[in-house]
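Residue numbering for the sequence shown follows the numbering used here, beginning at 153 and increasing consecutively.
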Amino acid sequence: MVQTRPEYQPLILLIEDNREVRLAARFVLEDLGYRIEELENPVQAREWLEQQQPDLILLDMNFQLDTTSGDEGLRFLRYLQQQGYDIPVVAMTAWSNTTLVVQAMQAGAGDFVEKPWNNQRLQQILQQQLKLSSLTRQNKALHQQLSSTPLELVWQSSQMLTLMQQLQTVAATEANILLTGENGTGKSQLAHWLHQHSGRSAGPLISVNMAAIPEALFESELFGHKKGAFTDAKEARAGRFSLARGGTLFLDEIATLPLGQQAKLLRVLESGQYEAVGSCQTEQSDLRLIAATNADFSALIQNGQFRQDLYYRLNTLEFRIPPLRERPADIAPLCQFFLHKHGQRYHKTGLTLHHNALSRLQQYQWPGNIRELSHLLERAVLLTQNKEISLKELALPDEQQSAATQAAALPMMTLEQAELTLIRQALQLCQGNKQKTAEKLGITKSSLYRRLEKHGLEL
Numbered sequence: 153m154v155q156t157r158p159e160y161q162p163l164i165l166l167i168e169d170n171r172e173v174r175l176a177a178r179f180v181l182e183d184l185g186y187r188i189e190e191l192e193n194p195v196q197a198r199e200w201l202e203q204q205q206p207d208l209i210l211l212d213m214n215f216q217l218d219t220t221s222g223d224e225g226l227r228f229l230r231y232l233q234q235q236g237y238d239i240p241v242v243a244m245t246a247w248s249n250t251t252l253v254v255q256a257m258q259a260g261a262g263d264f265v266e267k268p269w270n271n272q273r274l275q276q277i278l279q280q281q282l283k284l285s286s287l288t289r290q291n292k293a294l295h296q297q298l299s300s301t302p303l304e305l306v307w308q309s310s311q312m313l314t315l316m317q318q319l320q321t322v323a324a325t326e327a328n329i330l331l332t333g334e335n336g337t338g339k340s341q342l343a344h345w346l347h348q349h350s351g352r353s354a355g356p357l358i359s360v361n362m363a364a365i366p367e368a369l370f371e372s373e374l375f376g377h378k379k380g381a382f383t384d385a386k387e388a389r390a391g392r393f394s395l396a397r398g399g400t401l402f403l404d405e406i407a408t409l410p411l412g413q414q415a416k417l418l419r420v421l422e423s424g425q426y427e428a429v430g431s432c433q434t435e436q437s438d439l440r441l442i443a444a445t446n447a448d449f450s451a452l453i454q455n456g457q458f459r460q461d462l463y464y465r466l467n468t469l470e471f472r473i474p475p476l477r478e479r480p481a482d483i484a485p486l487c488q489f490f491l492h493k494h495g496q497r498y499h500k501t502g503l504t505l506h507h508n509a510l511s512r513l514q515q516y517q518w519p520g521n522i523r524e525l526s527h528l529l530e531r532a533v534l535l536t537q538n539k540e541i542s543l544k545e546l547a548l549p550d551e552q553q554s555a556a557t558q559a560a561a562l563p564m565m566t567l568e569q570a571e572l573t574l575i576r577q578a579l580q581l582c583q584g585n586k587q588k589t590a591e592k593l594g595i596t597k598s599s600l601y602r603r604l605e606k607h608g609l610e611l
């Protein structure tokens, strides 16, 4: 079942020292469908903005210094500009004058309202500023996309053409997507592509490497924490779910998530709700989730290392990214893409590959997939003194020599015997370490245990 996106409620930061005015504003704004965060002065706002970002700021211009000059509000507007905050601001005061309005607009305010405000006028201004802000973000995202992708990558293999057609079909939906495949196949790049082609492209894309998060900090990293929530929580911090509001959250290496933390992520995916560490206030998530892994989920689930119910929440739509050795037709366009990319970076434009070099690249098995190809061509671009990169400059490993050496070391035998011999050799090389042995053999740890049991070897 395809998920429908809940209507997003913009978050407005109200900075106002008068409690009665804040209360009146909350009643009006909540009735209009906005979420409200109230702060008493710009000093509090500076601290709050270090951890969170609203969709709009409604700023009183006068606080403790005096009630008419607007100096405190103007200083805060200039601070926002100096810090590079891209947040629309609507200034307000009970003592409006033309000079102050001009100064506020020059300092970065998008519009101005007088207190007491007219509710219809306030609603119109807020809608206009939010719409303008959204259009500005979309234009920036489009400009960044065009400037960072000077050459369009055109896939030629039937596998990737089919995959990209499927991704194009689902990109605009709100369905959770799971990308699987070997390391280096381009899962992260496809996650970025999905975000850029989604209805949330104007929002943020927050990427998290789950393998890099210590288990003790899982909740803090994903859901945030309040000041003093634990020993080292000296400041409040926004979590990744909060930072990704209105956009996409990409959880890379999702299979490395410890079993004890999987239930916490499952609860958020099921209910859409979470709490920051040390907070009793429930937050509502508003994001599109994409996850990626190179692991074998069926083996992990069978061995009790990954929850099946969480897997089903992650893989509303699941796509396998084929390794590069299965699609040699893509090597030529990838080479063109990386030569252009690295050539621009190192100021060596117009580079090409000798036909012998390209032929050799298409025969190579690419254990490191696209990442290995990119690194190899980057090195060649750096070292070459010519416009055409030769086979010698690629410095590819000699697979034929390696294969001949392996054939000499491994006499003719049955496949069953060969498997047993290779497992024993790998165990010896890795000094009995099962994880390293599995990696050496190119299989999962659970697959290695099944083979050890099959051959009667010590587990």
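By construction, the Cβ of each residue, glycine as well, lies at the ideal position given by its N, Cα and C atoms.
Computed from a predicted model, the values in this text were never measured in an experiment.
For secondary structure counted as the alpha helix (DSSP H) over 4 or more consecutive residues, the stretch 235-274 holds these complete runs in sequence order: 250-258. Within the same chain, V429, G430 come within 6 Å of A381 by CB-CB distance, once the 5 residues on both sides are set aside. For G502, the CB contacts under 8 Å within the same chain, skipping 5 residues up- and downstream, are G495, K539 in chain order. Taking all protein chains shown into account, G584 has fewer than 16 neighbouring C-beta atoms within 10 Å of its C-beta and is therefore exposed.
Bridge pairing for R389: H377 [DSSP]. DSSP places Q436 outside any alpha helix (DSSP H); the residue lies instead in the beta strand (DSSP E), whose first and last residues are 434-436.
The stretch 496-516 and the stretch 478-487 touch, with three or more beta-carbon pairs separated by less than 8 Å. For Y464, the closest C-alpha among the options A388, L417, N508, M213 is that of L417. Counting along the chain, E530 sits inside no beta strand (DSSP E); it lies in the alpha helix (DSSP H) bounded by residues 521-535. Relative to the Cα of Q203, the nearest Cα in the group P549, D448, F375 belongs to F375.
With a beta-carbon spacing of about 14 Å, L346 and N467 fall beyond the 8 Å limit used to define contacts. Fully enclosed alpha helix (DSSP H) runs of no fewer than 4 residues occupy 449-454, 460-466 of the stretch 417-490, in order along the chain. For the pair G351 and A388, the CB atoms are not nearer than the 8 Å cut-off. With 16 or more other Cβ atoms inside 10 Å of its own Cβ, D212 counts as buried. Of all alpha-carbon atoms in S511, K493, H507, the one lying nearest the alpha-carbon of L529 is that of K493.
Per DSSP, S310 is not a residue of any beta strand (DSSP E); the alpha helix (DSSP H) it occupies stretches across 310-322. If the five residues before and after F228 are omitted, its C-beta is found closer than 6 Å to the C-beta atoms of P194, all from its own chain and listed in chain order. Excluding sequence positions up to five before and after T434, its CB lies within less than 7 Å of the CB of Q425, E427, all in the same chain and listed in chain order. For S394, the secondary structure class from DSSP, reduced to helix, strand or coil, is helix. 8 Å or more divides the Cβ of E266 from the Cβ of T250.
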